[in-house]
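Residue numbers (this note's numbering): 192 to 317.
Below you can see the structure in the form of structure tokens.
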């Protein structure tokens, strides 16, 4: 079942990125009951039975969550909300212009997030 999600997500990301992120290693990997996209090793999107979820900065999430069919990410009905993510509706996945824009924002956001230590605290760089 995970292979199905990996294949679907890989195809979607190929369409949505189509060579736009040279120098960024995009990988689709198994992720719990689905698949996830990693940009240079940092998770930024997932496709699971819950749907296609995309990691975004707060301002983008605020804009996107107001759109019809979007929802906050919860992997289980009573589980916690994954605050950095928004689940996109299937109609948005078919609108390649819109999807490309949000995928680009997600990848750029994931790449901008600093490394964290084993306690979840942001490491100082430089």
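Just so you know, even glycine gets a beta-carbon here, dropped at the ideal spot from N, CA and C.
Values in this document were obtained by computation on a predicted structure and should not be read as measured data.
Around the beta carbon of residue 253, a 10 Å sphere encloses fewer than 16 other beta carbons of the protein chains shown; the residue is thus reported as exposed. Residue 299: member of the alpha helix (DSSP H) spanning 287-303, first to last residue. Across the set 260, 285, 237, the C-alpha of 237 shows the shortest separation from the C-alpha of residue 301. With a beta-carbon spacing of about 13 angstroms, residue 256 and residue 265 fall beyond the 8 angstroms limit used to define contacts. Per DSSP, the unbroken alpha helix (DSSP H) holding residue 194 starts and ends at 193-208. Residue 218: member of the beta strand (DSSP E) spanning 217-222, first to last residue. Counting along the chain, the unbroken beta strand (DSSP E) around residue 234 starts and ends at 233-239.
DSSP, reduced to helix, strand and coil, places residue 249 within a helical segment of the structure shown.
Taking 8 angstroms as the cut-off, the beta carbon of residue 287 is found no closer than this to the beta carbon of residue 201. Within its own chain, the residues whose Cβ lies closer than 6 angstroms to the Cβ of residue 234, once the five positions on either side in sequence are excluded, are 227, listed in chain order.
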